[in-house]
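Chemist:
Protein chains: 2
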Amino acid sequence: MTTNSKEAILASARQIAQSHGYSGLNFRDLAAQVGIKAASIYHHFPSKAGLGAAVARRYWEDTKSELDTLFADSRDPISALREYPKIFRRSLESDNRLCLCSFMSAEYDDLPHEVTVEVQTFAEINVAWISKALVAAGAARPENSEAQARAIFAAVAGAQLIARSRSDISMFDALIESYRAKGLLPD
Amino acid sequence: MTTNSKEAILASARQIAQSHGYSGLNFRDLAAQVGIKAASIYHHFPSKAGLGAAVARRYWEDTKSELDTLFADSRDPISALREYPKIFRRSLESDNRLCLCSFMSAEYDDLPHEVTVEVQTFAEINVAWISKALVAAGAARPENSEAQARAIFAAVAGAQLIARSRSDISMFDALIESYRAKGLLPD
DNA sequence: TTCGCCCTACCAAGTGTTAGATAGGGGTTG
DNA sequence: CAACCCCTATCTAACACTTGGTAGGGCGAA
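Which chain is which? The protein sequence lines are A and B, in order. Heads up, the first sequence is in numbering that gives the first Met the number 0, so the first residue is 0 and it goes up one at a time. Heads up, the second sequence is in numbering that gives the first Met the number 0, so the first residue is 0 and it goes up one at a time.
(1) Select from A:109, A:111, A:121 and A:80 the residue whose C-alpha is nearest the C-alpha of residue 98 of chain A.
(2) Determine whether the Cβ of residue 134 of chain A lies closer than 9 Å to any Cβ atom of chain B.
(3) Would you call the stretch 144-158 of chain A and the stretch 83-96 of chain A in contact, with 3 or more CB pairs under 8 Å?
(4) What do you reckon, are the CB atoms on residue 88 of chain A and residue 172 of chain A nearer than 9 Å?
(5) Reducing DSSP to helix, strand and coil, say where residue 175 of chain B ends up.
(6) Drop a sphere of 10 angstroms on the beta-carbon of residue 157 of chain B, count the other beta-carbons inside from all chains shown, and report buried for 16 or more, exposed for fewer.
(7) Which residues in chain A have a C-beta closer than 9 Å to the C-beta of residue 21 of chain B? List them in chain order.
(8) Looking only at its chain, what residues have a beta carbon closer than 7 Å to the beta carbon of residue 12 of chain A, apart from the 5 residues adjacent to it on each side?
(9) If I measure Cβ to Cβ from residue 130 of chain A and keep anything under 7 Å in the same chain, skipping five residues before and after, which residues do I get?
(10) Taking the beta carbon of residue 178 of chain A as the centre, do at least 16 other beta carbons fall within 10 Å, making it buried, or is it exposed?
(11) For a contact meaning CB atoms closer than 8 Å, what does residue 161 of chain A contact in chain B?
(12) Classify residue 111 of chain A as helix, strand or coil using the three-state DSSP reduction.
(13) Report yes if the C-beta of residue 82 of chain B is less than 8 Å from at least one heavy atom of the ligand ADP; otherwise report no.
(14) Taking the alpha carbon of residue 111 of chain A as the point to measure from, which residue in B:37, B:164, B:40 and B:6 has its own alpha carbon closest?
(15) Please classify residue 74 of chain A as buried or exposed, where buried requires at least 16 neighbouring CB atoms within 10 angstroms.
(16) With H, G and I counted as helix, E and B as strand and the rest as coil, what does DSSP make of residue 98 of chain B?
(17) Considering only residues of the same chain and omitting the five flanking positions on each side of residue 15 of chain B, which have a CB-CB separation below 8 Å?
(18) When the cut-off is 9 Å and only beta carbons count, does residue 109 of chain B lie next to chain A?
(19) What is the DSSP secondary structure of residue 76 of chain A, counted as helix, strand or coil?
(20) Within 10 angstroms of the Cβ of residue 36 of chain A, are there 16 or more other Cβ atoms? Answer buried if so, exposed if not.
(21) If you drop the 5 nearest sequence neighbours on each side, which residues of the same chain put their C-beta closer than 7 Å to that of residue 56 of chain B?
(22) Taking residue 118 of chain A as the query, report the chain B residues whose CB atoms sit under 7 Å from its CB, ordered along the chain.
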């Protein structure tokens, strides 16, 4: 059995947090989903704040891996950028879940500092990747690529949030399509 | 204290919910802010769900009034549209608060149905107004004005969320500026 | 034995909510 | 007029439950 409880906790905690946020994440439900008791979580994580930070950190690590793979596997930066919104789409496909970073951004005022740090890192990872892709695609000059990247990130996050509030993935698709029509995202 | 406790409760509850969400809204803190006891809230509202719905309803009623006034007072629809993001900016100016609708969209899974309804109405009010302004300005054809309006609404909400996560209003301004540069918002 | 992993059994604080009481004001009625 | 009753608005006190967190022990494997 070894230590895959820790991984199971991280995975379940991530799912719960993407549905109910950090404040909606509680040890008893989490433990039940993993198949252990609440107190056992403390053997793997020091506190709720520590768990939250670990979940957020793992979240951006996974996202970074996925983005780097996407960039490397795409035939060109433009087609990589075209697929970027799919990452957010998949959250919605998974029981209408929200990006962990978006949920925690809303909860900003009530987040332990160690969690906030990881949330901000997620945003930075995304913006840096989009910025890199924009420059590589020749779609932005290096001096304002970060601003454009941030606009894309914010717009896609907004689209996901609005689509979630309607529980309607097709609304997400329509919003992304509108962004493309305006040239905010590549066609 | 105040001659009208019900209004004071609504106002404080709105502030709290824009900072901590529906789940972060609790009767004891709310009552303390108003200057009464938690149990007294039940004289004015039937339950937390009822209070939440009343707050969300008042929120979109106020927003609708403000939008209608803005439309009527502007010299033309374009200048009205230009000022639209200021409504979201003001939330950030008020202690980095989020749009109530955005916060509650994140909390979608844990919201009582009566609250969800009001949240969706807020979105509809906004989209309808933007759509009307776009058509009046000749910036969109009636058959796709709603799609464009929704894109604007989602993008502005996203910008507010990202700016909040950094506690940085200038980031909101920069995002809006990027949207303008792309023609998503009028110059 | 020691250590990793998990358990049972708690605890204090906080949650929405209810019951029952109190004080004051405004009518209606004897 | 005064006695009565109801309504409004608030209170205190408690309920049942959930929360994150702690103390200490059991058990299998190295």
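Think of the CB as a built atom: it goes at the ideal place given N, C-alpha and C, for glycine as much as any other residue.
Modeler: Put simply:
(1) Position 99 of the first sequence holds residue 98 of chain A. Of A:109, A:111, A:121 and A:80, the residue nearest in Cα terms is A:121.
(2) If you number the first sequence from 1, residue 134 of chain A lands on position 135. Chain B, which has no Cβ nearer than 9 Å to the Cβ of residue 134 of chain A, makes this no.
(3) yes
(4) The residue labelled residue 88 of chain A in the question sits at position 89 within the first sequence. The residue labelled residue 172 of chain A in the question sits at position 173 within the first sequence. For residue 88 of chain A and residue 172 of chain A, yes; Cβs fall inside 9 Å.
(5) By one-based count along the second sequence, residue 175 of chain B stands at place 176. Helix.
(6) The count along the second sequence starts at 1 and reaches residue 157 of chain B at position 158. Its Cβ being crowded by 16 or more others within 10 Å, residue 157 of chain B is buried.
(7) Taking the first residue of the second sequence as position 1, residue 21 of chain B is located at position 22. In chain order: nothing, as chain A lies at least about 10 Å away.
(8) Indexing the first sequence from 1 puts residue 12 of chain A at position 13. 24, 29, 50 and 54, listed in sequence order.
(9) As a first step, residue 130 of chain A must be located in the first sequence, where it is residue number 131. Around residue 130 of chain A: 144, 145 and 148.
(10) As a working note, residue 178 of chain A is residue 179 in the first sequence. Looking at its Cβ environment, which holds 16 or more other Cβ atoms inside 10 Å, residue 178 of chain A is buried.
(11) Counted from its first residue, the first sequence places residue 161 of chain A at position 162. Residues of chain B passing the Cβ test: 104, 122, 149, 152, 153 and 156.
(12) Within the first sequence, residue 111 of chain A is the residue found at index 112, counting from 1. Looking at residue 111 of chain A - three-state DSSP - the assignment turns out to be coil, as it is neither helix nor strand.
(13) Among the components of this structure there are no ligands whatsoever, and the ligand ADP is therefore not found.
(14) Stepping through the first sequence from its first residue, residue 111 of chain A is reached at position 112. Cα-wise, what sits closest to residue 111 of chain A is B:164.
(15) On the first sequence, position 75 is the one that residue 74 of chain A refers to. Residue 74 of chain A is exposed by the Cβ-count criterion.
(16) As a first step, residue 98 of chain B must be located in the second sequence, where it is residue number 99. The answer is coil: DSSP assigns residue 98 of chain B none of H, G, I, E or B.
(17) For the purposes of this step, residue 15 of chain B is taken as residue 16 along the second sequence, with counting starting at 1. Result list for residue 15 of chain B: 23, 24, 28, 29 and 32, in chain order.
(18) Walking along the second sequence from the start, residue 109 of chain B turns up at place 110. Cβ-Cβ to chain A under 9 Å: yes for residue 109 of chain B.
(19) Stepping through the first sequence from its first residue, residue 76 of chain A is reached at position 77. Of the three classes helix, strand and coil, the one that applies to residue 76 of chain A here is helix, per DSSP.
(20) For this step, residue 36 of chain A is matched to residue 37 along the first sequence. Exposed, because fewer than 16 other Cβ atoms sit within 10 Å of the Cβ of residue 36 of chain A.
(21) Here residue 56 of chain B refers to the residue found at position 57 of the second sequence. Within the same chain, residue 56 of chain B has close Cβ partners 117.
(22) Working through the first sequence from its first residue, we reach residue 118 of chain A at position 119. The contacting residues are 164.
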